[in-house]
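A short write-up of the structure that comes next.
6 protein chains.
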Amino acid sequence: MPKKSSPQKSREPSVRALAGTVFITRQVHFNSAHRLYNPTKSLAWNQKQYGMCTNPHWHGHNYVLEVTLKGQPDPVTGYIMDLARLKKVLHTAVVDKCDHRNLNDEVDFLRGIIPSTENLVIAFWHEIAPRIHLPARLHCVRLYETPRNFAEFFGPAHH
Amino acid sequence: MPKKSSPQKSREPSVRALAGTVFITRQVHFNSAHRLYNPTKSLAWNQKQYGMCTNPHWHGHNYVLEVTLKGQPDPVTGYIMDLARLKKVLHTAVVDKCDHRNLNDEVDFLRGIIPSTENLVIAFWHEIAPRIHLPARLHCVRLYETPRNFAEFFGPAHH
Amino acid sequence: MPKKSSPQKSREPSVRALAGTVFITRQVHFNSAHRLYNPTKSLAWNQKQYGMCTNPHWHGHNYVLEVTLKGQPDPVTGYIMDLARLKKVLHTAVVDKCDHRNLNDEVDFLRGIIPSTENLVIAFWHEIAPRIHLPARLHCVRLYETPRNFAEFFGPAHH
Amino acid sequence: MPKKSSPQKSREPSVRALAGTVFITRQVHFNSAHRLYNPTKSLAWNQKQYGMCTNPHWHGHNYVLEVTLKGQPDPVTGYIMDLARLKKVLHTAVVDKCDHRNLNDEVDFLRGIIPSTENLVIAFWHEIAPRIHLPARLHCVRLYETPRNFAEFFGPAHH
Amino acid sequence: MPKKSSPQKSREPSVRALAGTVFITRQVHFNSAHRLYNPTKSLAWNQKQYGMCTNPHWHGHNYVLEVTLKGQPDPVTGYIMDLARLKKVLHTAVVDKCDHRNLNDEVDFLRGIIPSTENLVIAFWHEIAPRIHLPARLHCVRLYETPRNFAEFFGPAHH
Amino acid sequence: MPKKSSPQKSREPSVRALAGTVFITRQVHFNSAHRLYNPTKSLAWNQKQYGMCTNPHWHGHNYVLEVTLKGQPDPVTGYIMDLARLKKVLHTAVVDKCDHRNLNDEVDFLRGIIPSTENLVIAFWHEIAPRIHLPARLHCVRLYETPRNFAEFFGPAHH
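Residue numbers (my numbering), protein chains in the order written: chain D, 28 to 186; chain W, 28 to 186; chain U, 28 to 186; chain R, 28 to 186; chain C, 28 to 186; chain Y, 28 to 186.
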């Protein structure tokens with residue numbers, strides 16, 4: 028039960044803090060080109076493995092990224108983390124590097140990675156995690172390649 | 028594997044029950060005004076902490092509330108809980124108190140609480156939980172402040 | 028941290044593999060008729076239990092099915108499973124049997140089951156699981172009866 | 028330009044009216060079973076014409092209905108029509124008759140009509156129009172059979 | 028038919044222009060508090076007219092604003108208007124004045140107006156129109172108060 | 028009013044036809060890479076005009092295409108056009124040529140066109156229109172580049 032405030036005899040303002048572990052999520056988006064191919068394999072192998080997704084002339088997506096943090100609401104602010112600040116963190120860590128860019132060729136932290144949604148959520152996690160400071164913890168990175176398919180990563184310690 | 032029905036020699040109707048723990052979720056919505064501020068702090072502190080969210084003249088949201096229960100489908104009904112009844116519970120517990128209202132000033136169970144999404148999901152949990160009866164269990168309260176940001180609470184026992 | 032590639036002296040192409048457990052989800056949809064009723068009970072009992080959902084003349088839904096797999100991205104492909112192939116699996120296992128069909132009367136694997144969303148996710152799990160092969164694992168079946176209500180099942184071993 | 032209020036020497040409250048023709052839209056939803064078939068034709072003809080949509084065991088949809096009215100905002104209320112009242116009109120005219128029902132067999136005003144989305148919007152128009160009173164005018168009935176397909180009707184006078 | 032390019036003997040780059048009138052739409056959003064009431068009427072009148080929407084302690088919405096322009100794509104740029112620039116125009120004209128604000132009390136261009144969705148689209152039109160320059164023309168202002176209800180205004184000349 | 032059927036003395040099945048002009052819309056989607064640039068202009072001009080949208084390494088989008096036809100429901104079928112067939116037409120005319128492709132380099136009917144959303148809707152119209160046969164008429168092509176921006180074209184005769 029939330030902590031009850033005792034009857035206030037004085038007229039001093041007060042704030043009731045609520046206890047518990049809460050998860051907060053912020054959504055951002057970016058539009059990028061990519062292709063799926065393994066450069067150590069033949070064109071035929073890539074064609075068979077990825078079909079149209081290996082088009083050497085690229086295709087693209089409106090990616091939607093949702094990042095979840097875990098923590099306890101600060102008794103003074105009511106926040107785990109200011110989501111406006113989280114939005115800036117996500118822009119710095121991921122969006123500004125990926126938006127209107129080619130994920131295979133132009134994003135340094137993605138060099139050499141096949142940019143499947145599975146690999147992207149892991150790579151994004153490692154860009155975001157160093158920017159999240161206690162008491163908040165990074166809990167989940169979710170990436171929608173399209174509204175009908177997405178990947179989620181809960182960190183390297185999660186199995 | 029679902030329990031197989033034995034070949035029916037008689038023509039009596041029968042029902043196959045399926046075993047397992049399932050999570051069901053119902054979504055409701057309400058439109059409210061609020062502001063984020065800590066009355067024990069100065070106006071300048073609140074301005075710096077919350078920016079425009081501390082506007083003393085209020086702003087508002089179309090909140091979307093999703094509540095998840097956990098249980099086993101009743102072998103006779105196929106339900107964990109009738110979601111039409113859950114909708115009524117959510118209206119009684121939260122929506123009727125918050126819809127078209129001011130969350131800071133008009134909602135008794137929110138008195139003295141900074142109405143951040145983090146605090147709201149905890150407070151809502153405590154309003155809803157006493158109204159959920161075994162064998163169903165309250166599992167998660169999720170609240171969207173906007174389509175791009177939401178909080179989730181899995182109960183005071185969850186860390 | 029993702030595995031760093033050592034400086035490349037040769038000009039051979041290479042691929043950086045990323046480690047971690049990832050969850051991928053694919054969404055499909057189908058439109059079906061159904062009714063909720065227990066044929067071992069009286070009409071009055073069903074009317075009281077299910078209200079309009081027991082209409083003997085049927086009603087229907089645009090069902091949305093989301094299926095989540097769990098695994099590690101293959102270092103050669105970047106995939107846990109090709110989602111185009113998962114889409115075919117879901118069509119074979121569930122959609123082709125249920126789309127534009129009557130869930131009570133026409134779907135063999137649903138015979139004798141009250142087609143509540145709770146029961147459907149369990150039944151769907153058992154149709155899909157045998158078609159998912161290691162190293163990928165079936166993690167969750169989520170079914171939306173409408174955008175405002177859905178059920179999730181994480182398998183018979185999950186409590 | 029909106030009518031400017033002259034500087035107020037008295038302290039009497041006042042209201043500024045804005046002029047113009049505005050369109051307001053309200054969305055409601057209902058879940059129904061139906062099938063597409065022409066009973067004056069053979070089963071083979073229906074199969075060829077409608078494919079799976081002619082399933083004699085029915086299928087169904089979560090229909091979404093959007094109704095648009097046209098008018099000038101009342102200078103006293105700011106409303107063309109109270110949308111809460113329009114919601115009730117739509118429930119009386121359409122939703123209460125169609126929700127959780129079989130559109131082919133149970134809806135009197137649809138008797139003998141092939142319930143394609145095209146025919147439904149016309150039939151719904153004729154149920155709704157008599158309930159809309161001047162100065163508001165019924166402008167459009169839009170019906171989504173699924174999120175990916177819908178029909179619109181602007182009245183019998185519109186070509 | 029699009030203008031066919033004549034066979035190019037030279038290797039000079041060229042651009043094919045396409046002719047036609049096109050409508051482009053940009054969506055922005057803002058979160059505000061408001062109440063519906065006519066200050067020239069009694070409290071009882073307002074209660075009867077607006078019900079809960081007249082709550083003197085305010086309620087609020089996540090408003091979604093869609094603005095449509097009409098024009099011919101510029102043969103040199105392919106644009107009617109750069110939508111990034113349109114987004115800035117909409118922020119200057121409407122969003123920056125309304126976001127996180129109280130529509131009744133804090134927005135100068137809304138002074139004295141009952142902030143129904145009908146009145147808001149007219150008022151927004153008059154703020155936006157002077158900022159749209161030929162050859163583009165303002166065609167429609169659409170405002171969603173919630174996902175289930177919205178108003179549209181096509182300008183003072185449209186009946 | 029819908030045509031009333033005269034009381035049926037015989038037991039022959041009959042069908043009531045409804046009169047009126049109806050608009051039907053089908054939605055399809057495709058994922059593509061593109062860039063906005065005018066090859067007759069300098070790199071600096073393109074940078075200034077298009078900003079990040081001119082990235083020579085491409086970016087991309089999940090495009091959503093909605094096509095509307097206009098007609099009278101056929102009294103025998105209830106259809107203006109079978110939307111399953113319309114979906115095939117749209118796949119042949121547009122989707123199969125654009126999906127997982129580079130709109131600037133790989134789509135013959137887009138050669139030499141700056142692939143802004145404005146130009147794309149005109150080009151798509153001209154691919155689709157010859158495939159729509161009376162009595163149905165092509166009425167509108169709507170293309171979402173992202174959920175927050177889209178273009179519409181009502182044909183070369185519309186001003």
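From the three backbone atoms N, C-alpha and C, an ideal C-beta is built for every residue, glycine too.
No experiment lies behind these values; they were computed from the predicted model shown.
- When only Cα atoms are considered, Gly-87 of chain D and Arg-38 of chain W end up about 58 Å apart.
- The DSSP-derived three-state label of Gln-74 of chain Y is helix.
- The beta-carbon of Thr-52 of chain U is placed no less than 7 Å from the nearest beta-carbon of chain W.
- When rounded, the separation of the alpha-carbon atoms in His-61 of chain C and Gly-78 of chain C is 14 Å.
- Going by DSSP, His-88 of chain C is part of the beta strand (DSSP E) stretching over 86 to 98.
- The Cβ atoms of Ile-51 of chain D and Leu-117 of chain D lie no closer than 7 Å to each other.
- Arg-128 of chain Y has its alpha-carbon roughly 34 Å from the corresponding atom of Gln-76 of chain R.
- Within 10 angstroms of the beta-carbon of Ala-184 of chain C lie fewer than 16 other beta-carbons, which makes it exposed.
- Residue burial annotation: Thr-81 of chain U is buried, with at least 16 other C-beta atoms found within 10 angstroms of its C-beta.
- By the neighbour-count definition (other C-beta atoms within 10 Å, threshold 16), His-160 of chain R is an exposed residue.
- Contact annotation: Val-94 of chain Y and Val-148 of chain Y have beta-carbon atoms that are not nearer than 7 Å.
- DSSP places Thr-144 of chain W inside the alpha helix (DSSP H), whose first and last residues are 144 to 155.
- By the neighbour-count definition (other C-beta atoms within 10 Å, threshold 16), Ala-111 of chain Y is an exposed residue.
- A residue is called buried once 16 or more other Cβ atoms fall within 10 Å of its Cβ, and His-186 of chain Y, having fewer, is exposed.
- Taking a C-beta distance under 7 Å as the contact criterion, Arg-43 of chain W and Gly-98 of chain U do not qualify as a contact pair.
- Cβ-Cβ separation between Ala-120 of chain W and Glu-172 of chain W: approximately 19 Å, too far for a contact (criterion under 8 Å).
- Contact annotation, Pro-100 of chain D with Val-49 of chain D: C-beta distance approximately 6 Å; criterion of less than 8 Å satisfied.
- Using a 10 angstroms sphere on the CB of Leu-70 of chain W, the tally of other CB atoms stays under 16, which defines it as exposed.
- For Phe-136 of chain D, no pairing in a beta bridge is given by DSSP.
- Secondary structure of Thr-67 of chain Y (DSSP, three-state): coil.
- The distance from the Cβ of Trp-85 of chain U to that of Trp-72 of chain R is about 24 Å, inconsistent with a contact at the 8 Å cut-off.
- The residue among R:Arg-53, R:Lys-68, R:Leu-63 with its C-alpha nearest the C-alpha of Ser-41 of chain Y is R:Lys-68.
- His-118 of chain C sits in a helix when the DSSP states are folded into three classes.
- Residue environment analysis places Arg-53 of chain Y among the buried positions, since at least 16 neighbouring C-beta atoms fall within 10 angstroms of its C-beta.
- The beta carbon of Cys-125 of chain W sits closer than 7 Å to the beta carbons of Phe-57, Ser-59, Val-134 from its chain, once the five residues preceding and following it are set aside; these are given in chain order.
- Secondary structure at Ala-60 of chain Y: strand, using DSSP grouped into helix, strand and coil.
- Against chain W, the beta carbon of Leu-45 of chain D has neighbours under 7 Å at Ile-140, Asn-146, Ile-149, Ala-150, listed in chain order.
- Distances from the CA of Trp-152 of chain R to each of R:Ala-178, R:Gly-105, R:Thr-104, R:Leu-45 were compared; the closest alpha carbon is that of R:Ala-178.
- The straight-line gap separating the alpha-carbon atoms of Gly-105 of chain Y and Gly-47 of chain Y is approximately 12 Å.
- The beta carbon of Arg-164 of chain R lies closer than 7 Å to those of Leu-96, Lys-97, Gly-98 in the same chain, with the five residues before and after it left out.
- With respect to the 7 Å criterion, Leu-170 of chain C and Leu-113 of chain C are not classified as neighbours on the basis of their beta carbons.
- For the options U:His-166, U:Val-103, U:Tyr-90, the alpha carbon positioned closest to that of Asp-123 of chain U is the one of U:Tyr-90.
- With distances taken between CA atoms, Thr-144 of chain D lies nearest to D:Asn-176 out of D:Asn-176, D:Pro-102, D:Val-103, D:Pro-83.
- In the three-state DSSP reduction, Thr-104 of chain Y falls in the coil class, being neither helix nor strand.
- Close to chain Y, meaning a Cβ-Cβ distance shorter than 9 Å, is no residue of the region 88 to 122 of chain R at all.
- Residues of chain Y whose Cβ lies closer than 7 Å to the Cβ of Ser-59 of chain D are, in chain order, His-86, Gly-87.
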